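Asks: This note's numbering numbers the first residue of the sequence shown as 4 and each following residue consecutively. This structure is in structure tokens; I'll ask about it shortly.
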Amino acid sequence: MSVTGLCQICETNEAEHSCSNCGTLACADHWDEALGLCAECAATVERGDDRERVQPDDLDDDDVMRF
Ligand SMILES: [Zn+2]
Ligand SMILES: [Zn+2]
């Protein structure tokens with residue numbers, strides 16, 4: 004699939020990919036080949052995983068200690 008336009012992340016390089024998650028055009032530098040997502044989404048996915056697991060920790064540690 005060819006993409007026309009500039010990378011929307013660095014706005015410098017020619018975009019080579021279109022993120023299937025957010026639609027952002029990304030150059031090779033801002034494309035995560037492994038995930039098939041732009042760098043921003045790749046970062047969100049990687050952090051998001053942690054955050055979802057961490058969410059229960061939003062409860063104070065004290066609350067957990069009661070159990
Ligand atoms: Zn870029
Ligand atoms: Zn994206």
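Heads up, the beta-carbon is just placed ideally off N, CA and C, and yes, glycines get one too. These numbers come from a predicted model, not from an experiment.
Between Cys41 and Ile12, which are expected to be in contact by the criterion C-beta below 8 angstroms, what is the C-beta distance as a whole number of angstroms?
Replies: With a Cβ gap of about 6 angstroms, Cys41 and Ile12 count as contacting.
Asks: Can you tell me whether Thr7 is buried or exposed, with buried defined as 16 or more other CB within 10 angstroms of its CB?
Replies: When all chains shown are included, Thr7 counts as exposed.
Asks: Report yes if the C-beta distance between Ala29 and Ala18 is below 9 angstroms; otherwise report no.
Replies: Closer than 9 angstroms, so yes.
Asks: Have a look at His33 and Gly26 and give me their C-alpha separation to the nearest angstrom.
Replies: One C-alpha to the other measures close to 13 angstroms.
Asks: Could you give the DSSP three-state label for Cys41: helix, strand or coil?
Replies: If DSSP states are grouped into helix, strand and coil, Cys41 belongs with the strands.
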